[in-house]
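Okay, structure first, notes after.
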Amino acid sequence: MAMYYEQGRGLVEQHYSAQARVWSKPQVLYMTQTDPCASITLKNFGGTVAVIANFAHFCTDGEPPSESIAAVGVNNLEKWYTHLLKGFDGWQNVKASSDTKKLTFTFPYSQGLTSTAGVTQLRWSQAEGFSDLEDIPR
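Residues 0 to 137 (numbering that gives the first Met the number 0) make up the sequence shown, in order.
Okay, here's the thing in structure tokens:
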């Protein structure tokens with residue numbers, strides 16, 4: 000599979016079908032005019048593919064992300080679920096349950112002047128899609 004940022008379009012996915020022996024047409028998973036941040040992270044959990052991608056104007060100059068995407072591809076990458084979070088520093092990690100039908104995206108945060116340390120979680124399941132955000136203080 001290939002996942003890349005295309006200037007003026009956004010986050011694009013293509014995958015190879017071994018059966019048909021061809022690449023799929025490029026599919027825009029998230030359209031944005033902003034710049035990509037440090038990287039696009041892909042993790043394969045037994046055929047369920049998780050994606051973390053962050054975007055912002057001037058991100059390559061060190062600005063934090065202003066758009067953070069969590070995406071999940073299933074059914075031989077024919078179906079994609081995407082979740083956009085604006086004004087967020089970006090997902091750091093994603094883990095799967097033992098049966099890979101549930102994923103958890105996480106972002107740990109430090110203690111601030113008015114808040115305690117903790118972790119922000121976004122859960123995804125094949126049955127229900129993405130959940131609401133959950134903040135878990137430490």
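Idealized CB from N, CA, C, for every residue including glycine.
Proximity of residue i and residue j at Cβ, strictly below 8 Å
i	j	result
Ser124	Lys100	yes
Glu5	Thr31	no
Val149	Thr47	A query on residue 149 cannot be resolved here, the shown segment of the chain reaching from 0 to 137 and no further.
His82	Ala95	no
Ala52	Leu102	no
Trp79	Glu12	yes
Phe104	Val93	yes
Residue i, DSSP secondary structure in three states
i	result
Asp60	helix
Gly128	strand
Asn53	strand
Selected residue, minimal CA-CA separation from residue i, among the options
i	options	result
Leu28	Val71, His56, Lys42	Val71
Ile135	Ala52, Ser109, Pro107, Val118	Val118
Glu77	Tyr15, Tyr3, Leu10, Ser38	Tyr15
Arg137	Pro35, Gly89, Tyr108, Gly45	Tyr108
Ser23	Lys42, Ser38, Gly7, Met2	Met2
Thr35	Asn75, Asn43, Gly45, Pro63	Note on identity: in this sequence residue 35 is Pro, with Thr being the wrong assignment. Measuring from the Cα of Pro35, the nearest candidate turns out to be Pro63.
Val21	Met0, Arg8, Ser38	Met0
Thr33	Asp60, Asn75, Asp88, His56	His56
Phe44	Gly86, Ala17, Asp98, Pro25	Asp98
Close-in-space but distant-in-sequence residues of the same chain around residue i (CB under 8 Å, 5 per side omitted)
i	result
Glu133	Thr119, Gln120, Leu121, Arg122
Min CB distance residue i to chain D below 8 Å
i	result
Gln110	No chain D is part of this structure, which consists of one protein chain only.
Residue i Cβ short of 7 Å to the ligand GDP heavy atom set
i	result
Phe129	Ligands are entirely absent from the displayed structure, and the ligand GDP is therefore not among its contents.
Quick one: which unbroken alpha helix (DSSP H) runs of 4-plus residues sit fully inside the segment 6-39? Chain order, please. The alpha helix (DSSP H) runs lying completely inside the segment 6-39 and spanning 4 residues or more number zero.
Completely contained alpha helix (DSSP H) runs for the segment 87-117, where each covers 4 or more residues: Whole alpha helix (DSSP H) segments, 4+ residues: zero.
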